[in-house]
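A.B. asks: Positions 299 to 564 (our numbering) are the ones given, in order, by the sequence shown.
In this text, a Cβ means the ideal position worked out from N, Cα and C, and glycines have one as well.
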Amino acid sequence: MIRFIATLAAALIALPAFAGTVFDVEHRNAAGAVDHTSQIKVDGGKLAMEMMSAGEEAPEGRMIFRGDRTPQEMIVMNDQERSYMVFTAEGMGSMQSQMNSVMEQALANLPPEQRAAAEAAMSGQGMGAMMGQAPASDWRFRATGKSRDVDGRQTTGYELLKDGVRQMVFWTVPASSFNGGGDLGRTFDSLNDFFEALPMIGDAAGPMYDLDAMDGRVPVQIEEIGADGAVEATTTISEGRSMDIAASVFEPDPGYTRQEMPGMAQ
């Protein structure tokens with residue numbers, strides 16, 4: 299799930315630098331092989347992340363999160379098209395409202411039996427499933443009561459449940475014992491707020507960043523659990539390295555063109 303996130307290239311216009319923290323992230327599949335790596339840079343509520351597939355030199359994906367802005371922004375890069383998109387909760391809400399209107403009109407024009415069939419096809423939730431109005435899932439954290447050594451650190455386990463079914467296991471340490479843990483924790487809190495406000499994906503993405511539910515601890519390893527209860531993927535976050543990070547790292551690449559999604563308010 300951390301996979302939606304991706305970082306800024308080094309070749310950006312040099313601007314004044316500010317102290318921040320850099321984290322290296324390793325992603326392993328169910329067989330234990332590294333399938334991709336990431337680097338996360340955080341500084342004062344800002345996050346930039348770059349993901350690399352194993353054996354590739356060019357980034358697979360890049361993203362910037364500006365939790366320090368009002369409204370908060372998620373900036374997603376498209377290196378192939380040399381463009382980027384900016385997502386806000388308000389903009390996504392505007393887009394969904396337009397989608398809802400189009401869907402309602404389309405269903406209203408259908409004969410009753412076709413309308414019923416179309417609604418039944420929408421995950422059994424009627425129009426609400428397509429329009430972000432389906433009942434929210436019951437997400438909750440709970441301590442596992444187990445500990446584990448991760449890269450020489452004693453960690454405490456927390457599991458994330460969806461409607462009572464385990465989805466992920468977070469192996470955590472106190473933020474104060476992990477270099478950069480405080481900044482990482484604050485940034486994750488901002489991500490939690492951002493995703494929870496998104497009408498389309500908040501129910502699925504928001505809970506995983508809720509560090510308050512893990513007693514303020516920060517994850518150093520995350521296991522994704524499949525439908526069969528087995529671990530499908532493991533993400534390990536290295537201890538942070540303090541360094542100056544150029545302000546340009548948290549901005550779109552110079553020369554890239556901003557693209558807009560139809561219906562999204564700016």
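For S381, name the three-state secondary structure that DSSP assigns.
C.D. replies: strand
A.B. asks: Using only the alpha-carbon positions, how far apart do E522 and E558 sit?
C.D. replies: Cα to Cα, E522 sits roughly 32 angstroms from E558.
A.B. asks: Measuring straight from C-alpha to C-alpha, what distance separates D366 and E549?
C.D. replies: If you draw a straight line from the Cα of D366 to the Cα of E549, it comes to about 13 angstroms.
A.B. asks: Here's the rule I'm using: 16 or more other beta-carbon atoms within 10 Å means buried, otherwise exposed. How should T368 be labelled?
C.D. replies: exposed
A.B. asks: On a CA-only basis, which of F492, V467 and P472 is nearest G483? Give me that one, please.
C.D. replies: P472
A.B. asks: Buried or exposed for T453, please, with buried defined as at least 16 other CB atoms from any protein chain shown within 10 angstroms of its CB.
C.D. replies: buried
A.B. asks: Note down the Cα distance separating F439 from V518, rounded to an integer number of angstroms.
C.D. replies: 16 angstroms
A.B. asks: Within the same chain, show all residues whose beta-carbon is closer than 8 angstroms to that of A416, passing over the 5 residues directly before and after it, in chain order.
C.D. replies: L405 and L408
A.B. asks: Could I get the ranges of all uninterrupted beta strand (DSSP E) runs contained in the segment 524-558, with 3 residues as the minimum, in chain order?
C.D. replies: Here the runs fully enclosed are 529-535 and 539-544.
A.B. asks: Near E402, what residues of its chain come up, given a Cβ to Cβ distance below 6 angstroms and the 5 sequence neighbours on each side ignored?
C.D. replies: none
A.B. asks: Consult DSSP for E571 and reduce its assignment to one of helix, strand or coil.
C.D. replies: Outside the shown range of the chain (299 to 564) lies residue 571, about which nothing can therefore be said.
A.B. asks: Return the first residue and the last residue of the alpha helix (DSSP H) that T485 is part of.
C.D. replies: G479 to A495
A.B. asks: Can you tell me whether T259 is buried or exposed? The criterion is at least 16 other CB atoms within 10 Å of its CB, across all chains shown.
C.D. replies: In the structure as shown, the chain begins at 299 and stops at 564. Residue 259 is therefore absent and cannot be evaluated.
A.B. asks: Any idea what DSSP makes of P517, helix, strand or coil?
C.D. replies: Secondary structure of P517 (DSSP, three-state): strand.
A.B. asks: Kindly identify the DSSP beta-bridge partner or partners of A416.
C.D. replies: Paired residues: none, contrary to the question.
A.B. asks: Mind checking which residues open and close the beta strand (DSSP E) that includes Q465?
C.D. replies: First-last of the beta strand (DSSP E) with Q465: V463 to V471.
A.B. asks: For M541, does the count of other Cβ atoms within 10 angstroms reach 16, so buried, or fall short, so exposed?
C.D. replies: It counts as exposed.
A.B. asks: If you compare alpha carbons, which of D487, R556, L509 and E494 is closest to T467?
C.D. replies: Residue identity check: residue 467 is Val in the sequence provided, not Thr. With distances taken between Cα atoms, V467 lies closest to L509.
A.B. asks: Consult DSSP for A352 and reduce its assignment to one of helix, strand or coil.
C.D. replies: coil
A.B. asks: For the beta strand (DSSP E) that contains R451, what are its first and last residues?
C.D. replies: Taken as a continuous stretch (DSSP letters only), the beta strand (DSSP E) holding R451 covers R451 to K460.
A.B. asks: For the candidate residues N376, T319 and G480, whose alpha-carbon lies nearest to that of D551?
C.D. replies: N376
A.B. asks: Please state whether DSSP places D447 in a helix, a strand or coil.
C.D. replies: D447: strand per DSSP, three-state reduction.
A.B. asks: Below 9 angstroms between beta carbons: does that hold for S488 and G480?
C.D. replies: no
A.B. asks: Looking at R451: is its Cβ nearer than 9 angstroms to the Cβ of L458?
C.D. replies: no
A.B. asks: Return helix, strand or coil for S435, following the three-state DSSP convention.
C.D. replies: DSSP places S435 in coil when its eight states are reduced to three.
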